[in-house]
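Residue numbers (the working numbering): 47 to 399.
Ideal Cβ placement from N, Cα and C applies to all residues, glycine included.
This report refers to the structure that appears directly beneath it.
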Amino acid sequence: MAEKTVTIERHITEKQKQHPQATGTLTALLYDMALAAKMIASQVRHAGLIDILGAAEGRNVYGEQQQKLDVYADSVIFKLNDHTHRLCAMVSEERDEIIEIPRKYGKGRYVLLYDPLDGSSNIDLNVSIGTIFSIHRKVSTGGDGTLEDILQPGSRLVAAGYVLYGSSTMMVYTTEQGGVHGFTLEPSIGEFLLSHEDIRIPSRATYYSTNQGYEKAWTHGVRRFTKWLQGIDGEGHPSLGLRYTGSLVADFHRTLLRGGVFYYPGDMQQPEGKMRLMVEAQAIAFIARHAGGYASDGYGDILEIKPHKLHQRTPLFVGSRDLVVQAEHFIRQHDQDWLKQYLPYREGRQDAP
Ligand code: AHM
Ligand code: MG
Numbered sequence: 047m048a049e050k051t052v053t054i055e056r057h058i059t060e061k062q063k064q065h066p067q068a069t070g071t072l073t074a075l076l077y078d079m080a081l082a083a084k085m086i087a088s089q090v091r092h093a094g095l096i097d098i099l100g101a102a103e104g105r106n107v108y109g110e111q112q113q114k115l116d117v118y119a120d121s122v123i124f125k126l127n128d129h130t131h132r133l134c135a136m137v138s139e140e141r142d143e144i145i146e147i148p149r150k151y152g153k154g155r156y157v158l159l160y161d162p163l164d165g166s167s168n169i170d171l172n173v174s175i176g177t178i179f180s181i182h183r184k185v186s187t188g189g190d191g192t193l194e195d196i197l198q199p200g201s202r203l204v205a206a207g208y209v210l211y212g213s214s215t216m217m218v219y220t221t222e223q224g225g226v227h228g229f230t231l232e233p234s235i236g237e238f239l240l241s242h243e244d245i246r247i248p249s250r251a252t253y254y255s256t257n258q259g260y261e262k263a264w265t266h267g268v269r270r271f272t273k274w275l276q277g278i279d280g281e282g283h284p285s286l287g288l289r290y291t292g293s294l295v296a297d298f299h300r301t302l303l304r305g306g307v308f309y310y311p312g313d314m315q316q317p318e319g320k321m322r323l324m325v326e327a328q329a330i331a332f333i334a335r336h337a338g339g340y341a342s343d344g345y346g347d348i349l350e351i352k353p354h355k356l357h358q359r360t361p362l363f364v365g366s367r368d369l370v371v372q373a374e375h376f377i378r379q380h381d382q383d384w385l386k387q388y389l390p391y392r393e394g395r396q397d398a399p
């Protein structure tokens, strides 16, 4: 056994003690997310067995009505957080509007944003999927959470994290104090144990990660950037390997641990890209920054974007700082047409074309 076994609970509590002004609310909120992660992980592990173990008539082995995994994940996170008096509102990728805290419960000082089960195209295929979450402080007056509380730039996040349901289940989180920490679920005891302390993204890149099947639609700058990563164009960048699962959490996690860059760019058909700013990109960008990396929309820092709508989309380039800066450079040089389309959307002057 390791000299010191650190559970996620112990780790979060010890971090809190370093900040005597902390009330413990954020600590408790992070535990709630760890519990949600364990509950979702346990269902994810059974996903492939549903047909075998009697999902007939849509019921599981316990006779309960079977839910789709993403709907289940959404409701677990909601139910674990609706009554705790810690939140004044929530936002989920699964729901169109702000989620209000039920009237019968008290309201708190934070808002929780989450993508309950990201990588939806992989759910039925036994490929890694994930949960993404982030936490903002309430800034509006009054008890109810409002759009003002939600639509804050990512640079103001209090905490963010993700859970990866892969060959093991891992939870990675960071807070505004900095430090990105990873925990691996020990399934036999049901505890997340510290396995990756103070993760720093390696400056030497190993992989690039993108859906290269879309190259036909890409802008010139993004194509040139890709050729540069492959060592074909430019001053001879060492060729990087290509890895892409189609689950942001898995692709980002690899990028974080091995160095490199993940990108899902905007193109002329969809200048705003695919990723959701509030429930996906802000959290990932915040974690990247705290691990010494960088996230950009191809124009500038994702964390500085002032959001203008709940389900705003954004192009995303994230990973080792030098590579992301290089992407911005190629785009500035070659993609002025795209920038003319995209910037009014980024700045909230125009909706997506
Ligand atoms: P989702 O929220 O519907 O799961 O979509 C987000 C996912 C990301 O996890 C992933 O990076 C991307 O979409 C993959 O998209 P594509 O299949 O177009 O490559
Ligand atoms: Mg998603």
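Task: Burial state of R322, where buried means 16 or more other Cβ atoms lie within 10 Å - done: Classified as buried, R322 has 16 or more neighbouring CB atoms from the shown chains inside 10 Å of its CB.
Task: Spatially closest choice to F229 from I235, M216, E222 and G236, by CA coordinates - done: Residue M216 is the option with its Cα nearest to F229.
Open item on the list: G267 and F363 - do their beta-carbons sit closer together than 9 Å?
Closed with: Cβ distance not < 9 Å, so F363 and G267 don't count as in contact.
Task: With 16 other Cβ atoms within 10 Å as the buried cut-off, status of E326 - done: Buried, because 16 or more other Cβ atoms sit within 10 Å of the Cβ of E326.
Open item on the list: Would you call the region 205-224 in contact with the region 174-193, where contact means no fewer than 3 C-beta pairs closer than 8 Å?
Closed with: Verdict: yes, contact present.
TODO: Kindly provide the ranges of any beta strand (DSSP E) runs that are 3 or more residues long and lie completely inside the region 347-389, ordered along the chain.
DONE: For secondary structure counted as the beta strand (DSSP E) over 3 or more consecutive residues, the region 347-389 holds these complete runs in sequence order: 362-365.
Task: Buried versus exposed call for D383 [16 or more other C-beta atoms within 10 Å across all chains shown] - done: In summary, D383 is exposed, with fewer than 16 beta-carbon neighbours lying within 10 Å of its beta-carbon over all protein chains present.
Open item on the list: Please classify Y310 as buried or exposed, where buried requires at least 16 neighbouring CB atoms within 10 angstroms.
Closed with: By the 10 Å Cβ count, Y310 comes out buried.
Open item on the list: Helix, strand or coil for R183? Go by DSSP, reduced to three states.
Closed with: It is a strand residue.
Task: Y345 versus E318, Y156 and Y77, residue with shortest Cα-Cα distance - done: Comparing Cα-Cα distances from Y345 to each of E318, Y156 and Y77, the minimum goes to E318.
Open item on the list: I need the boundaries of the beta strand (DSSP E) containing A428, first residue and last residue.
Closed with: A question about residue 428 goes unanswered here, because the residues of the chain that appear run from 47 up to 399.
- [ ] Can you grab the Cα-Cα spacing for the pair Y260 / D161, in whole Å?
- [x] Those two C-alpha atoms are separated by around 24 Å.
Task: Complete runs of the beta strand (DSSP E) confined to the region 169-227 [at least 3 residues] - done: Here the runs fully enclosed are 175-183, 205-211 and 215-221.
TODO: Give every residue of the same chain whose Cβ lies closer than 7 Å to the Cβ of D128, excluding the five residues on either side of it in the sequence, and list them in chain order.
DONE: Contacts found: I147, P148 and Y151.
Task: Nearest neighbour of P233, chosen from R141, N168, L81 and M314 [CA to CA] - done: Selection R141, N168, L81 and M314 evaluated against P233 yields L81 as nearest (Cα-Cα).
Task: M314 - containing beta strand (DSSP E), residue span - done: For M314, there is no enclosing beta strand (DSSP E), as DSSP gives it neither H nor E.
- [ ] Reducing DSSP to helix, strand and coil, say where Q396 ends up.
- [x] Coil, per DSSP.
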